[in-house]
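Contents: one structure, followed by commentary.
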DNA sequence: GTGGTCTAGACCACC
DNA sequence: GTGGTCTAGACCACA
């Protein structure tokens, strides 16, 4: 049996980087760790980090200055949210809908529970 | 770095068993593989399979006849759905709600997309 | 820790003998196995069997003919029931009452369940 | 001959734990011995204690805080009584009824003796 | 053969 | 340190 596989590493590192930025530990506009440093820190091959940084750069979450390093974008937080929204609508939501259908759960029940959730969490 | 953890084995096996039953490959009321056989098939210790079977028996999805073996319950499919609903409301839904909140996504947008999803999938 | 101890052996053998008589496998008035034979059969010291037979003879469930052997009494079944009644009232019933008290269970609930039990078992 | 079997160890330990709680030696809401400590005290493998604690946790008699230990539930006493009532009705009462039937004892006699018992014990 | 209990010991995550 | 998972292997009762 192949037990459930974990996500590919470079995407997990992408999440890790986004988390750092969202938490303000790596502030927008400022330099983030070098490919080599982050590779050492996460005990991962530098090439894997390069792939992560490439991925994030394509999404305008970070950018590079040649010979200097990588930087968090000024609007990194916005970009991360946008990226996550895309991911959410593209992959998570269909799975969610499929589950609703399979378990015969009505959307109205979700709405009711959401109201309760909002009241409980953010009051 | 600890990369994303995978679920514990005995619960993955529980999902595996439920899947078999849901697909009708292990019909309700009939005998399912012995702990030893399934252990060999999944390359897992029989004790781990026992733990899975114990877990499923407590949820009335399977039952045991001593000296004979384990059997899928007559209403196993119903019980599995009930179990999954519990799991859904207890763990998946809160994560979903948190995502909605963090990404500033409105429930009304979910509803619209759900209507589209239903039309696309089941018409 | 001393885990729960089992009853002394000679009394367990007494139960074994009574069972045989009640089931008609050792008919009233007829000879029952010798001390030695039963000792071999149960893998127990003959002295232990002697203690059992002594115990049962005092309760008129079996009797001995010197030089011949032990016999089940003609009214062995009656005597066994009488013996068990004594045991029941002396030891089991107080424990039962104590449990009722500790668990706040009312006798009327017992009566109701008894009616249900009788209907289910002996109809 | 197989002499009367003793209850499995992990359930005996469960009784032992319940007793401690009922007697107030392990007060509700407070930490109870670790699986390793209790294992040493009772000369039993820690895994067996884990099994006991698992069993009791499923019945909401104790609960766990990861990395800290197990605790007696606030309403542990209530839960224990509830658990014992279930056990009483499921296993002890049928045996009791069967005995009544086999010995031709009438329920009215039980009632009379119960009145006497109550007067003797709690007056 | 089946399930079920128990031991011994390794390794992990959490605090 | 704590609980929790998993393995390996022994032994038992039941059928």
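Residue numbers (my numbering), protein chains in the order written: chain A, 1 to 123; chain B, 1 to 123; chain C, 1 to 123; chain D, 1 to 123. Heads up, the beta-carbon is just placed ideally off N, CA and C, and yes, glycines get one too.
(request) Determine the direct distance from the alpha carbon of residue 19 of chain C to that of residue 6 of chain D, and round the result to whole angstroms. (result) The sequence position of residue 6 of chain D within the fourth chain is 6, counting from 1. The sequence position of residue 19 of chain C within the third chain is 19, counting from 1. Cα-Cα distance, rounded: 20 Å.
(request) List the endpoints of the continuous alpha helix (DSSP H) containing residue 50 of chain C. (result) Indexing the third chain from 1 puts residue 50 of chain C at position 50. It spans 46 to 58 - the alpha helix (DSSP H) in which residue 50 of chain C sits, taken as one unbroken run.
(request) Kindly list, in the order they appear in chain B, the residues whose Cβ is closer than 7 Å to that of residue 103 of chain A. (result) Within the first chain, the letter at position 103 stands for residue 103 of chain A. Result: 81, 84, 85, 88.
(message) Helix, strand or coil for residue 99 of chain C? Go by DSSP, reduced to three states.
(response) In the third chain, residue 99 of chain C corresponds to position 99, counting from 1. Reduced to three states, the DSSP call for residue 99 of chain C is helix.
(message) Are the CB atoms of residue 114 of chain C and residue 107 of chain D within a distance shorter than 8 Å?
(response) By 1-based counting over the fourth chain, the position of residue 107 of chain D is 107. By 1-based counting over the third chain, the position of residue 114 of chain C is 114. Going by C-beta atoms, residue 107 of chain D is nearer than 8 Å to residue 114 of chain C.
(request) Can you tell me which of A/33, A/24, A/79, A/99 puts its alpha carbon nearest to the alpha carbon of residue 87 of chain B? (result) For the purposes of this step, residue 87 of chain B is taken as the residue at position 87 of the second chain. That would be A/99, whose Cα lies nearest to the Cα of residue 87 of chain B.
(message) Suppose you measure from the CA of residue 10 of chain B to the CA of residue 51 of chain B; what does that come to, to the nearest Å?
(response) As a position in the second chain, residue 10 of chain B is number 10, starting the count at 1. As a position in the second chain, residue 51 of chain B is number 51, starting the count at 1. Their backbone Cα atoms lie some 7 Å apart in a straight line.
(message) Please list the terminal residues of the continuous alpha helix (DSSP H) segment that includes residue 73 of chain A.
(response) The residue you call residue 73 of chain A lines up with position 73 of the first chain. No alpha helix (DSSP H) holds residue 73 of chain A; DSSP gives it neither H nor E.
(message) Under 8 Å: do the region 76 to 96 of chain A and the region 63 to 78 of chain B share three or more Cβ pairs, one atom per stretch?
(response) no
(message) Considering Cα atoms alone, identify which of A/36, A/119, A/82, A/23 is closest to residue 56 of chain A.
(response) Translated into the one-based positions of the first chain, residue 56 of chain A becomes position 56. Closest by alpha carbon: A/82.
(message) With a threshold of 8 Å between beta carbons, is residue 53 of chain D in contact with chain C?
(response) Reading the fourth chain from its first residue, position 53 is the one you call residue 53 of chain D. Judged by the 8 Å Cβ criterion, residue 53 of chain D is not in contact with chain C.
(message) By the three-class DSSP mapping on this structure, what secondary structure does residue 13 of chain D have?
(response) Mapped onto the fourth chain, residue 13 of chain D falls at position 13. Correct three-state label for residue 13 of chain D: helix.
(message) Please report whether the beta-carbon of residue 114 of chain A lies at a distance below 8 Å from any beta-carbon of chain B.
(response) The residue given as residue 114 of chain A occupies position 114 in the first chain. Chain B, which has a Cβ nearer than 8 Å to the Cβ of residue 114 of chain A, makes this yes.
(message) Once the 5 residues before and after residue 28 of chain B are set aside, which same chain residues still bring their CB inside 6 Å of it?
(response) Translated into the one-based positions of the second chain, residue 28 of chain B becomes position 28. Excluding positions up to five away in sequence, the list reads 72, 74, 76.
(request) Determine the chain A residues that contact residue 78 of chain B at a beta-carbon separation under 7 Å, and present them in chain order. (result) Within the second chain, residue 78 of chain B is the residue found at index 78, counting from 1. Within chain A, no residue comes near residue 78 of chain B; the closest Cβ sits about 11 Å away, beyond 7 Å.
(request) Can you tell me the Cβ-Cβ gap for residue 35 of chain C and residue 16 of chain C, rounded? I've got them flagged as a contact below 8 Å. (result) Residue numbering aside, residue 35 of chain C sits at position 35 when the third chain is read from its first letter. Residue numbering aside, residue 16 of chain C sits at position 16 when the third chain is read from its first letter. Going by Cβ atoms, the distance from residue 35 of chain C to residue 16 of chain C rounds to 14 Å, so no, they are not a contact pair.
(request) Can you tell me which of the three DSSP states residue 107 of chain C falls into? (result) Walking along the third chain from the start, residue 107 of chain C turns up at place 107. DSSP places residue 107 of chain C in helix when its eight states are reduced to three.
(message) Need the endpoints of the beta strand (DSSP E) that residue 64 of chain D sits in, please.
(response) Along the fourth chain, read from residue 1 onward, the residue named residue 64 of chain D stands at position 64. Residues 62 to 65.
(request) Give every residue of the same chain whose Cβ lies closer than 8 Å to the Cβ of residue 41 of chain A, excluding the five residues on either side of it in the sequence, and list them in chain order. (result) To locate residue 41 of chain A, count along the first chain from 1; it is residue 41. Same-chain partners within the cutoff: 33.
(request) Using the DSSP secondary-structure output, state which residues sit across from residue 31 of chain B in a beta bridge. (result) Sequence index remark: in the second chain, residue 31 of chain B carries index 31 (1-based). Beta-bridge pairing links residue 31 of chain B to B/71.
(message) Less than 6 Å between C-beta atoms, sequence neighbours within five positions excluded: which residues of the same chain meet that for residue 21 of chain B?
(response) Counting from one through the second chain, the residue named residue 21 of chain B turns up at place 21. Correct list, in chain order: 72, 76.
(message) Helix, strand or coil, according to DSSP, for residue 25 of chain A in the structure here?
(response) Sequence index remark: in the first chain, residue 25 of chain A carries index 25 (1-based). Note: residue 25 of chain A maps to coil in three-state DSSP.
(request) Just mark residue 95 of chain C as buried or exposed, buried being the case when its beta carbon has 16 or more other beta carbons within 10 Å. (result) The count along the third chain starts at 1 and reaches residue 95 of chain C at position 95. Exposed, since its Cβ has fewer than 16 Cβ neighbours within 10 Å.
(request) With DSSP collapsed to three states, give me the class of residue 5 of chain C. (result) The sequence position of residue 5 of chain C within the third chain is 5, counting from 1. Because the pLDDT of residue 5 of chain C is 49, which lies under 50, any placement of that residue in the model is unreliable, and the number read from its coordinates should be weighed accordingly. Coil, per DSSP.
(request) Tell me, to the nearest whole angstrom, how far the beta carbon of residue 117 of chain B is from that of residue 97 of chain A; I am working on the premise that it is less than 8 Å. (result) In the second chain, counting from the first residue as 1, residue 117 of chain B sits at position 117. In the first chain, counting from the first residue as 1, residue 97 of chain A sits at position 97. With a Cβ gap of about 5 Å, residue 117 of chain B and residue 97 of chain A count as contacting.
(request) Quick one: grab the DSSP three-state call for residue 121 of chain B. (result) Residue mapping note: residue 121 of chain B aligns to position 121 of the second chain, counting from 1. The answer is helix: DSSP assigns residue 121 of chain B an H, G or I state.
(request) Report yes if the C-beta distance between residue 80 of chain B and residue 62 of chain B is below 8 Å; otherwise report no. (result) Position 80 of the second chain holds residue 80 of chain B. Position 62 of the second chain holds residue 62 of chain B. The answer is no: Cβ separation not under 8 Å.
(request) Identify whether residue 43 of chain B lies in helix, strand or coil by the three-state DSSP scheme. (result) In the second chain, counting from the first residue as 1, residue 43 of chain B sits at position 43. The answer is coil: DSSP assigns residue 43 of chain B none of H, G, I, E or B.
(request) Compute the Euclidean distance between the alpha carbons of residue 111 of chain B and residue 109 of chain A, then round it to the nearest angstrom. (result) Along the second chain, read from residue 1 onward, the residue named residue 111 of chain B stands at position 111. Along the first chain, read from residue 1 onward, the residue named residue 109 of chain A stands at position 109. Approximately 12 Å, taken between the alpha carbons.
(request) Kindly indicate if chain C contains any beta-carbon less than 8 Å away from that of residue 91 of chain D. (result) Taking the first residue of the fourth chain as 1, we reach residue 91 of chain D at position 91. False, the Cβ-Cβ gap to chain C never drops below 8 Å.
(request) Starting from residue 111 of chain B, find everything on chain A with Cβ-Cβ shorter than 7 Å and list it in chain order. (result) The sequence position of residue 111 of chain B within the second chain is 111, counting from 1. Simply 107.
(request) Report buried or exposed for residue 44 of chain B, applying the criterion of at least 16 other Cβ atoms within 10 angstroms of its Cβ. (result) By 1-based counting over the second chain, the position of residue 44 of chain B is 44. Flag for residue 44 of chain B reads buried.
(message) Taking its Cβ as the centre, do 16 or more other Cβ atoms sit within 10 Å of residue 120 of chain B, making it buried, or is it exposed?
(response) For the purposes of this step, residue 120 of chain B is taken as the residue at position 120 of the second chain. Burial call: exposed.
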